[in-house]
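*Asks:*
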Ligand SMILES: Cc1cc2nc3c(=O)[nH]c(=O)nc-3n(C[C@H](O)[C@H](O)[C@H](O)COP(=O)(O)OP(=O)(O)OC[C@H]3O[C@@H](n4cnc5c(N)ncnc54)[C@H](O)[C@@H]3O)c2cc1C
């Protein structure tokens, strides 16, 4: 599929990127590894007139571990994070989510910033312009109704980042810098619950760093996908635990990740209750390659599996 024409600009640093964005009156998008954005542009799902490349910004490529925080620049690739020993040894949910993302070729290119800010996906939306024209445009393509749940004025596209749920269980924060200045937000507040505008970031804002409390955790990430070699999550469950308490986050199904807290991950009935609740909260629709009923059931199965593995009782 051929790319449409757009202007390409390479930012020297964060301030330069913001200045370039300001000059474009909202017609620009930021580019990092491009593994999410370029397919969207090819399919005419994103139609920027200017693409501002952030990849060359060196200051966003660092990982530092000091003063109780692991601070990761948004341009660090998933592969660099996966081979960072401190993450493997202390943040197993995050390590496993990195390992489970796409395939190694894409991990070498895709950044953590782009992974968190990837667009929501739907079987009836992530298609070519010709395909969508023949079916009629859905809400996410500025149509009048959802093409999956007929008549619905709500978009059900899934948020498919493998790493965001793991980062949520670790209490991650995001540093943003934009035309109005800098701010820090909790990752949980990034998500709007609206698949048409999934993130609470302002126009022109750049995700600069992700901060995670640098504490040793136990953890696990379980993922349902069709192809083990490379596939988006149909359900993804991350668990991180310190002491007996555990945080569980369900992603891949629905508009945003959902967080649950377990006071004592060693109590079998408590695990079962939270697995049932997560399964009941999940409301998948027919917008992925397996049935909604199967995905719903697998939410509960993966919650139990991930908690048991995180606390060392599973395989
Ligand atoms: C075949 C295939 C399989 C995939 N499988 C998976 C999978 O299993 N799991 C998964 O999680 N992902 C998957 N992906 C999606 C993607 O590869 C990853 O999410 C990757 O990490 C995206 O990072 P990127 O740097 O390429 O993002 P880009 O494509 O460059 O950017 C993604 C979005 O984030 C914005 N953005 C990027 N960086 C910044 C920043 N610093 N500040 C503000 N905005 C920014 C861009 O404007 C764009 O909207 C897959 C992609 C493909 C093509």
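Numbering (this note's numbering), first residue to last: -11 to 303.
In this text, a Cβ means the ideal position worked out from N, Cα and C, and glycines have one as well.
The structure displayed is predicted, hence computed values, not measured ones.
#1: Excluding the 5 residues flanking residue 125 on each side, which residues of the same chain have their C-beta closer than 7 Å to its C-beta?
#2: Put residue 230 into one of helix, strand or coil per three-state DSSP.
#3: With a Cβ-Cβ cutoff of 9 Å, do residue 300 and residue 206 count as a contact?
#4: Any idea what DSSP makes of residue 52, helix, strand or coil?
#5: Judging by CA-CA distance, which residue of 228, 14 and 113 is the nearest neighbour of residue 166?
#6: Short of 7 Å in beta carbon distance, which residues of its chain neighbour residue 100, apart from the five on each side in sequence? Order them along the chain.
#7: With burial defined as no fewer than 16 other Cβ atoms inside 10 Å of the residue's Cβ, what is the status of residue 142: buried or exposed?
#8: Output the boundary residues of the alpha helix (DSSP H) element that contains residue 69.
#9: Do residue 18 and ligand 1 come close, with the Cβ less than 8 Å from some heavy atom?
#10: Would you list, in sequence order, the uninterrupted alpha helix (DSSP H) runs of no fewer than 4 residues that lie entirely inside the region 212 to 280?
#11: Tell me the residue span of the beta strand (DSSP E) that contains residue 5.
#12: Check the C-beta distance from residue 223 over to residue 157 and give it rounded, since I have them as a contact under 8 Å.
*Replies:* According to the data block:
#1: 131
#2: strand
#3: yes
#4: strand
#5: 14
#6: 60, 62, 64, 66, 69, 151 and 198
#7: exposed
#8: 66 to 70
#9: yes
#10: 256 to 269
#11: Taken as a continuous stretch (DSSP letters only), residue 5 belongs to no beta strand (DSSP E), being part of the alpha helix (DSSP H) at 2 to 10.
#12: So it is not a contact: roughly 15 Å between Cβ atoms.
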